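Peer 1:
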Amino acid sequence: MPRPALSRTVGTIAATAAVLLTAGFTPVHGSSSAGPRVAAAPAAVEQSGALFNNPLGTAEEQQRIRTKILQYVGTSPASASIKVALYHFWDQEVGQALADAHARGVGVQLVLDESTVSARPSDPTYGILRTSLGGDTSQPSFVTLCPAGKSCLGRPEFGASINHNKFWLFSQVDGAADVTLQTSTNMSPSSYSAFWNDAFVVANNTGIYNAYASYFTDLVRHDAENWRYRSSTWSPYKAYFFPYYPGTGNTTDTIWNTLDNVTCTYTQDGAAKTTKVRVAMFKFTRQGVADKLVALKKAGCSVELVYTETDSKASSADGQTPGTWETLHSATGFTPLCYHHDHDNNAATSARVIHSKYLLIDGKYDGTVNKVLWTGSHNYSGPALRENDEALLKVDDSAQHDLYVAHFNSVKAAAVPGTADDVPQCKGVLTQPEG
-5 MPRPALSRTV GTIAATAAVL LTAGFTPVHG SSSAGPRVAA APAAVEQSGA
45 LFNNPLGTAE EQQRIRTKIL QYVGTSPASA SIKVALYHFW DQEVGQALAD
95 AHARGVGVQL VLDESTVSAR PSDPTYGILR TSLGGDTSQP SFVTLCPAGK
145 SCLGRPEFGA SINHNKFWLF SQVDGAADVT LQTSTNMSPS SYSAFWNDAF
195 VVANNTGIYN AYASYFTDLV RHDAENWRYR SSTWSPYKAY FFPYYPGTGN
245 TTDTIWNTLD NVTCTYTQDG AAKTTKVRVA MFKFTRQGVA DKLVALKKAG
295 CSVELVYTET DSKASSADGQ TPGTWETLHS ATGFTPLCYH HDHDNNAATS
345 ARVIHSKYLL IDGKYDGTVN KVLWTGSHNY SGPALRENDE ALLKVDDSAQ
395 HDLYVAHFNS VKAAAVPGTA DDVPQCKGVL TQPEG
């Protein structure tokens, strides 16, 4: 059973923050409506904040998110728990670290998409986990798979779907309790060395931790019949859990509704202001969201987009039906950038892409001037909304928003082919697997 919901804030320790910043980890300070849990003082304080890998950087920079995950796994003490919901897990070292945690008394639980096994049957990671943890979901440790060709919570009548989640829950690590790590990265070599990814850590927040833990339990149960879309708010965070069922149309689209709350022009301190909307997106094929983004541009918002894949006339079944590519190129002054770069001229290896899935709003949102971000596993595609298991995290924090803007600008500067995106790989004709 989840513990009573409780949000806690850990004070800033300058020396610790300096270490975290050096590692590419920047703290955020949340609000709390309740006092701290009585516990032994940790040797160091883990802060909430953003993490980014850099596939153009050193091995350390490429593996920054992976390193943080290994740190948390390695410092989880006996009797603590680790819960992982993941699409693809092809990393033997991380798998062994989880097995080692189980051996020292940590409860380790994983729910993975079935394609983790079927897409790469020779990869040893799942075998390591299965041998160590077993598959009995009534036990403190286990690894389980969603059904073949289906997410754990997607309804069968909607067809094929996936467990596309990418989150890690740690009940206790050195310096923090109730840690939620929501990321865009799978655990695979290309996720580190070719794909631009992000992660957001929420430390010492029992409310968000319990919300994710409850969703994790639903995933393990595979109870699609009783699943209903939900969200949970623990300031300054809000978590959204998919698939969005029941629902049809734009008004039950989380992203469309978010964008519908944007006011493009406003006055602040007597000066005219413009809201800035930035999107970094691996897959952008949801027509309603494309329509809304273009509408915001036409209404006076500043809109920027870096993407990897859309759909288009060229990718449609009849070769004639326009898609999001045509829509996103229909507004004057709006120039999307595509990032889908065969950097080594080898079609057999992963292209360099933007694999993050985040939205940044700087301006008037929901009637208030603010800086807000949304990140997670949720692509702007139809399946991500209605069929897949996905999680999305909202962070209401100006400093963290600005860190994401800096990341966004780095991705923009590196994007190839950039504005020259009238090419098959950007229009959904040639696709990049999520491996």
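For the record, in the sequence shown the residue sitting at position 304 is 298 according to my numbering, with numbers rising by one throughout.
Glycine included, each C-beta is placed from N, C-alpha and C at the ideal position.
Note that the coordinates shown come from a computational prediction; the quantities given were computed from them, not determined experimentally.
Using beta-carbon positions only, say whether residue 201 and residue 250 come within less than 9 Å of one another.
Peer 2: By 1-based counting over the sequence shown, the position of residue 201 is 207. By 1-based counting over the sequence shown, the position of residue 250 is 256. It is not a contact, given that the beta carbons lie outside the stated cut-off.
Peer 1: How about residue 236 and residue 378: are their beta carbons less than 9 Å apart?
Peer 2: Along the sequence shown, read from residue 1 onward, the residue named residue 236 stands at position 242. Along the sequence shown, read from residue 1 onward, the residue named residue 378 stands at position 384. A contact, by the Cβ cut-off of 9 Å.
Peer 1: To the nearest angstrom, how far is the alpha carbon of residue 306 from that of residue 102?
Peer 2: Here residue 306 refers to the residue found at position 312 of the sequence shown. Here residue 102 refers to the residue found at position 108 of the sequence shown. Taking the straight line joining both Cα atoms gives about 43 Å.
Peer 1: Buried or exposed: which applies to residue 220, given that a residue is buried once 16 or more other Cβ atoms fall within 10 Å of its Cβ?
Peer 2: Counting from 1 along the sequence shown, the entry for residue 220 is found at position 226. Residue 220 comes out exposed.
Peer 1: Work out the CA separation of residue 364 and residue 255 for me, nearest whole Å.
Peer 2: Taking the first residue of the sequence shown as position 1, residue 255 is located at position 261. Taking the first residue of the sequence shown as position 1, residue 364 is located at position 370. One C-alpha to the other measures close to 12 Å.
Peer 1: Should residue 381 be labelled buried (16 or more other beta-carbon atoms within 10 Å of its own) or exposed?
Peer 2: Sequence index remark: in the sequence shown, residue 381 carries index 387 (1-based). Counting Cβ neighbours within 10 Å, residue 381 comes out buried, since at least 16 surround it.
Peer 1: Whose CA, out of 416, 126, 248 and 199, lies closest to the CA of residue 170?
Peer 2: On the sequence shown, position 176 is the one that residue 170 refers to. The shortest Cα separation from residue 170 among 416, 126, 248 and 199 belongs to 199.
Peer 1: If you check the beta carbons only, do residue 287 and residue 299 fall under 9 Å apart?
Peer 2: By one-based count along the sequence shown, residue 287 stands at place 293. By one-based count along the sequence shown, residue 299 stands at place 305. Going by C-beta atoms, residue 287 is nearer than 9 Å to residue 299.
Peer 1: If you draw a straight line from the C-alpha of residue 231 to the C-alpha of residue 314, how long is it?
Peer 2: Residue mapping note: residue 231 aligns to position 237 of the sequence shown, counting from 1. Residue mapping note: residue 314 aligns to position 320 of the sequence shown, counting from 1. Approximately 42 Å between the Cα atoms of the pair.
Peer 1: For residue 355, which residues does DSSP report across the bridge?
Peer 2: Residue mapping note: residue 355 aligns to position 361 of the sequence shown, counting from 1. 271 and 366, per the DSSP bridge assignment.
Peer 1: Could you pull out every residue in the same chain whose Cβ sits closer than 6 Å to the Cβ of residue 20, ignoring the five residues on either side in sequence?
Peer 2: To locate residue 20, count along the sequence shown from 1; it is residue 26. Note that residue 20 scores 49 on pLDDT, short of 50, meaning its location in the model is unreliable; the coordinates nonetheless yield the value given after this. The residues are 43, 44 and 397.
Peer 1: Taking the straight line between their C-alpha atoms, what separation do you get for residue 226 and residue 339?
Peer 2: Within the sequence shown, numbered from 1, the residue matching residue 226 stands at position 232. Within the sequence shown, numbered from 1, the residue matching residue 339 stands at position 345. Computed Cα separation, rounded: 45 Å.
Peer 1: Decide if the segment 206 to 214 is in contact with the segment 47 to 66; the criterion is three or more beta carbon pairs, one per stretch, under 8 Å apart.
Peer 2: No contact exists between the segment 206 to 214 and the segment 47 to 66.
Peer 1: Could you tell me if residue 40 is buried or exposed, where buried requires 16 or more neighbouring beta carbons within 10 angstroms of its beta carbon?
Peer 2: As a first step, residue 40 is located in the sequence shown; it is residue number 46 there, counting from the start. It counts as buried.
Peer 1: Which two residues bound the contiguous beta strand (DSSP E) that contains residue 162?
Peer 2: Translated into the one-based positions of the sequence shown, residue 162 becomes position 168. Per DSSP, residue 162 belongs to the beta strand (DSSP E) from 160 to 167.
Peer 1: Check this for me: beta carbons of residue 278 and residue 322, under 9 Å apart or not?
Peer 2: For this step, residue 278 is matched to residue 284 along the sequence shown. For this step, residue 322 is matched to residue 328 along the sequence shown. Cβ atoms of residue 278 and residue 322: closer than 9 Å.
Peer 1: So the alpha helix (DSSP H) residue 202 belongs to, where does it begin and stop?
Peer 2: On the sequence shown, position 208 is the one that residue 202 refers to. Here the alpha helix (DSSP H) through residue 202 covers 200 to 215.
Peer 1: Can you tell me where the alpha helix (DSSP H) holding residue 320 begins and where it ends?
Peer 2: Counting from one through the sequence shown, the residue named residue 320 turns up at place 326. Start and end: 318 to 322.
Peer 1: Pull up the DSSP beta-bridge partners for residue 262, would you.
Peer 2: In the sequence shown, counting from the first residue as 1, residue 262 sits at position 268. DSSP, once it has assigned bridges, lists 265 as partnering residue 262.
Peer 1: Would you report the Cα separation of residue 293 and residue 243, rounded to the nearest angstrom?
Peer 2: Residue numbering aside, residue 293 sits at position 299 when the sequence shown is read from its first letter. Residue numbering aside, residue 243 sits at position 249 when the sequence shown is read from its first letter. Spanning the two alpha carbons is a distance of roughly 22 Å.
Peer 1: Our contact map puts residue 105 next to residue 214 with C-beta atoms below 8 Å; I'd like the distance itself, whole angstroms only.
Peer 2: By 1-based counting over the sequence shown, the position of residue 105 is 111. By 1-based counting over the sequence shown, the position of residue 214 is 220. With a Cβ gap of about 5 Å, residue 105 and residue 214 count as contacting.
Peer 1: Measuring CB atoms only, is the segment 382 to 394 touching the segment 179 to 189, in the sense that at least three cross pairs come out at less than 8 Å?
Peer 2: Not touching, per the Cβ criterion.
Peer 1: Could you round the C-beta distance between residue 276 and residue 302 to whole angstroms and report it? I think they count as a contact, below 8 Å.
Peer 2: Counting from one through the sequence shown, the residue named residue 276 turns up at place 282. Counting from one through the sequence shown, the residue named residue 302 turns up at place 308. Contact holds; Cβ gap of about 5 Å.
Peer 1: Would you give the residue range spanned by the alpha helix (DSSP H) that residue 249 belongs to?
Peer 2: In the sequence shown, residue 249 corresponds to position 255, counting from 1. First-last of the alpha helix (DSSP H) with residue 249: 248 to 254.
Peer 1: Residue 223 and residue 159 look like a contact to me (Cβ under 8 Å); what is the Cβ gap, rounded to whole Å?
Peer 2: As a first step, residue 223 is located in the sequence shown; it is residue number 229 there, counting from the start. As a first step, residue 159 is located in the sequence shown; it is residue number 165 there, counting from the start. Residue 223 to residue 159, Cβ: 14 Å. No contact.
Peer 1: Which word fits residue 403, buried or exposed, when buried means at least 16 other C-beta atoms lie within 10 angstroms of its C-beta?
Peer 2: Residue mapping note: residue 403 aligns to position 409 of the sequence shown, counting from 1. When all chains shown are included, residue 403 counts as exposed.
Peer 1: Buried or exposed: which applies to residue 419, given that a residue is buried once 16 or more other Cβ atoms fall within 10 Å of its Cβ?
Peer 2: Against the sequence shown, residue 419 aligns to sequence position 425. Looking at its Cβ environment, which holds 16 or more other Cβ atoms inside 10 Å, residue 419 is buried.
Peer 1: So residue 296 packs on residue 271, CB below 8 Å; how close in whole Å?
Peer 2: Stepping through the sequence shown from its first residue, residue 296 is reached at position 302. Stepping through the sequence shown from its first residue, residue 271 is reached at position 277. Going by Cβ atoms, the distance from residue 296 to residue 271 rounds to 7 Å, so yes, they are a contact pair.
Peer 1: To the nearest angstrom, report how far apart residue 152 and residue 263 are at their CA atoms.
Peer 2: Taking the sequence shown and counting its residues from 1, the one referred to as residue 152 is at position 158. Taking the sequence shown and counting its residues from 1, the one referred to as residue 263 is at position 269. Spanning the two alpha carbons is a distance of roughly 50 Å.
Peer 1: Excluding five sequence neighbours on each side, which residues of the same chain lie with their C-beta closer than 6 Å to the C-beta of residue 373?
Peer 2: Residue 373 sits at position 379 when you count from the first residue of the sequence shown. The answer, listed in chain order, is 276, 277 and 351.
Peer 1: Out of 233, 410 and 333, point me to the one whose CA is closest to residue 175's CA.
Peer 2: The residue labelled residue 175 in the question sits at position 181 within the sequence shown. The shortest C-alpha separation from residue 175 is found at 233.
Peer 1: Does the Cβ of residue 414 have 16 or more other Cβ atoms within 10 Å, making it buried, or fewer, making it exposed?
Peer 2: Along the sequence shown, read from residue 1 onward, the residue named residue 414 stands at position 420. Under this definition residue 414 is an exposed residue.
Peer 1: Can you give me the Cβ contacts of residue 119 inside the same chain, cut-off strictly under 7 Å, excluding the 5 residues immediately before and after it?
Peer 2: Indexing the sequence shown from 1 puts residue 119 at position 125. The answer, listed in chain order, is 83, 84, 85, 86 and 89.
Peer 1: Let me check one thing: in DSSP terms, what residues is residue 193 bridge-paired to?
Peer 2: The sequence position of residue 193 within the sequence shown is 199, counting from 1. Paired residues: 45 and 177.
Peer 1: Of the residues 167, 155, 178 and 182, which one's Cα is nearest the Cα of residue 161?
Peer 2: As a first step, residue 161 is located in the sequence shown; it is residue number 167 there, counting from the start. Residue 161 has its Cα closest to that of 178, out of 167, 155, 178 and 182.
Peer 1: In this structure, does DSSP put residue 299 in helix, strand or coil?
Peer 2: Position 305 of the sequence shown, counted from the first residue, corresponds to residue 299. DSSP places residue 299 in strand when its eight states are reduced to three.
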